[in-house]
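Participant: Below are the structure tokens for one structure; questions will follow.
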Amino acid sequence: MAGNTFGQIFKITTFGESHGEAIGVIVDGCPAQLPVDIDYIQAELDKRKPGQSKITTQRKESDTVKILSGVFEGKTTGTPIAMIIPNEDQRSKDYGHNVDVFRPSHADYTYFTKYGIRDHRGGGRSSARETAARVAAGALAKLFLKAKGIEIVAHVSSVGKIDAPNVSIANVQEFIDEREKNIVRCADPATAEEMIAFIDGVRKDGDTVGGKVSCYVKGVPVGLGEPVFDKLHADLGKAMLSINAVHGFEFGSGFSGSEMRGSEHNDIFVKNHLGNVETVTNFSGGIQGGISNGMPIEFRVAFKPVATIMHNQATINSAGDAAEISGKGRHDPCVVPRAVPIVEAMAALVLADQLLRNRASVL
1 MAGNTFGQIF KITTFGESHG EAIGVIVDGC PAQLPVDIDY IQAELDKRKP
51 GQSKITTQRK ESDTVKILSG VFEGKTTGTP IAMIIPNEDQ RSKDYGHNVD
101 VFRPSHADYT YFTKYGIRDH RGGGRSSARE TAARVAAGAL AKLFLKAKGI
151 EIVAHVSSVG KIDAPNVSIA NVQEFIDERE KNIVRCADPA TAEEMIAFID
201 GVRKDGDTVG GKVSCYVKGV PVGLGEPVFD KLHADLGKAM LSINAVHGFE
251 FGSGFSGSEM RGSEHNDIFV KNHLGNVETV TNFSGGIQGG ISNGMPIEFR
301 VAFKPVATIM HNQATINSAG DAAEISGKGR HDPCVVPRAV PIVEAMAALV
351 LADQLLRNRA SVL
């Protein structure tokens with residue numbers, strides 16, 4: 001199987017399956033002498049782990065990370081960093097009903113057809129459990145970016161048709177504090193309560209619902225990204241679309257920008273009171289010509305409803321014969337509350353990689 005590695009200089013390779021012994025990640029290319037805060041990395045994993053609340057899967061995993069290499073006396077050494085997260089609460093028997101039956105809208109059929117074999121226990125390698133490894137690596141990337149004055153924050157901006165109003169990111173810590181006050185991770189308290197009630201109702205119906213995560217990046221210098229194939233927004237798009245259940249990515253004005261005129265959409269350059277160049281509006285989402293322009297990077301990621309629902313559904317088996325299946329086991333009624341740290345992690349990996357690559361752009 002190819003495609004388990006992401007990045008060019010700050011590079012990660014993840015490994016492991018949902019119901020295997022453990023999942024993990026190798027981080028290659030992280031600069032030496034970066035202070036490593038293991039408590040911070042664990043805190044990021046705690047935001048993604050299952051069993052957090054009534055609106056997430058009840059699988060119980062501590063997601064305790066262990067660093068095996070690449071760190072000495074609290075700092076990176078420049079060598080590959082290996083991190084491992086044991087699986088502790090697998091219930092493989094919950095998947096006995098779909099050994100030979102393909103779950104609708106899952107990776108079962110495509111995976112089996114491509115490889116001729118599949119791990120039916122939770123989806124194996126195609127399970128969202130793999131994203132815990134990304135969050136561990138992304139936390140390391142966030143530590144690197146913080147040392148450069150770059151901060152990344154995200155929150156749940158919609159669930160189903162419930163949309164949160166625009167929220168301020170002027171104070172990143174206040175934004176995070178407000179977001180973490182509720183189990184849906186929406187930075188607007190009133191909308192959060194509405195979202196929670198809606199998700200809980202969907203859960204009780206044995207159904208699922210999708211949503212969106214909005215992400216903001218502050219402190220990005222001008223110049224990250226390349227103007228042709230390696231545009232910054234192209235790399236961010238690939239990163240986000242590689243996350244399980246993601247069906248959409250847009251930055252800046254996104255799809256709504258297609259409804260505007262150029263006279264409305266153009267971001268006018270000005271000098272602020274500090275003498276720095278900025279734009280009056282930010283329809284470009286902090287990226288112009290594939291290169292960061294110094295404004296906050298803004299993008300949104302759309303997640304589809306979880307495919308496992310607690311209702312009977314028609315499907316086929318591996319012989320192509322008609323069959324029926326009903327969801328069993330422990331699953332999220334809505335993935336977006338736990339997706340927030342994943343989105344932040346993937347953004348951090350892109351920006352850390354682009355920051356290191358940018359060092360070779362001029363003499």
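For the record, in the sequence shown the residue sitting at position 248 is 248 according to UniProt numbering, with numbers rising by one throughout. In this text, a Cβ means the ideal position worked out from N, Cα and C, and glycines have one as well. Small disclaimer: the values here were computed from a predicted structure and weren't measured.
1. Decide yes or no for the touch test of the stretch 159 to 173 against the stretch 130 to 138: beta carbon pairs closer than 8 Å, at least 3 of them.
2. What does the alpha-carbon distance come out to for the pair L236 and A347?
3. Using the Cβ count rule (16 or more neighbours within 10 Å means buried), how would you classify S263?
4. If distances are taken between C-alpha atoms only, which option among A307, Q288 and K231 comes closest to D108?
5. Per DSSP, which residues does E317 bridge with? Please list them.
6. Does the stretch 15 to 35 come into contact with the stretch 76 to 90, if we say contact requires no fewer than three beta-carbon pairs (one atom in each stretch) closer than 8 Å?
7. So, with DSSP's three-state summary, where would you put V153?
8. Is the Cβ-Cβ distance between K75 and Q33 less than 8 Å?
9. Tell me, to the nearest whole angstrom, how far the beta carbon of P337 is from that of T110; I am working on the premise that it is less than 8 Å.
10. Look at the alpha carbon of E193 and the alpha carbon of R179, and state the distance between them as a whole number of angstroms.
11. In this structure, what does DSSP give as the bridge partners for M83?
12. Who does K231 pair with in a DSSP beta bridge?
13. In three-state terms, what does DSSP make of I176?
14. Between F198 and the rest of its own chain, which residues show a CB-CB distance below 8 Å, the 5 nearest in sequence each way excluded?
15. Just confirm the distance between the C-beta atoms of G206 and I297, as a whole number of angstroms; I'd bet it's less than 8 Å.
16. Thinking just about the alpha-carbon of each residue, which of V99, V362 and V36 is nearest to the one in G78?
17. Over the uninterrupted beta strand (DSSP E) stretch that includes R338, give me the two end residues.
18. For a test of the three-state rule: what should DSSP assign to A323, helix, strand or coil?
19. Quick check on T281: does DSSP put it in helix, strand or coil?
20. Flag this pair as yes or no: are the beta carbons of D353 and F10 separated by less than 8 Å?
21. Is K212 helix, strand or coil when you go by DSSP?
22. Count the other C-beta atoms from every protein chain shown that fall within 10 angstroms of the C-beta of S127, then say buried if there are 16 or more, exposed otherwise.
23. Starting from R134 and walking both ways along the beta strand (DSSP E), at which residues does that stretch end?
24. In this structure, does DSSP put K75 in helix, strand or coil?
25. Report, in whole angstroms, the separation of the C-beta atoms of V301 and F249, which I expect to be a contact under 8 Å.
26. Roughly how many angstroms lie between the CA atoms of K146 and G219, to the nearest whole one?
27. Which of helix, strand or coil does DSSP assign to S158?
Facilitator: Taking the coordinates as given:
1. no
2. 6 Å
3. exposed
4. A307
5. Reading off the sequence shown, one finds Asn at residue 317, where the question assumed Glu. BP columns for N317 point to V101.
6. yes
7. strand
8. yes
9. Actually they are not in contact, since the Cβ atoms of P337 and T110 sit about 27 Å apart, beyond 8 Å.
10. 12 Å
11. V25 and I67
12. Note: K231 sits in no beta bridge, so no partner.
13. helix
14. V159, G160, I162 and V209
15. Contact doesn't hold; Cβ gap of about 38 Å is too wide.
16. V36
17. First-last for R338: V336 to N358, but that is the alpha helix (DSSP H), not the beta strand (DSSP E).
18. strand
19. coil
20. yes
21. strand
22. buried
23. Here R134 belongs to no beta strand (DSSP E); instead the alpha helix (DSSP H) covers T131 to K146.
24. strand
25. 6 Å
26. 9 Å
27. strand
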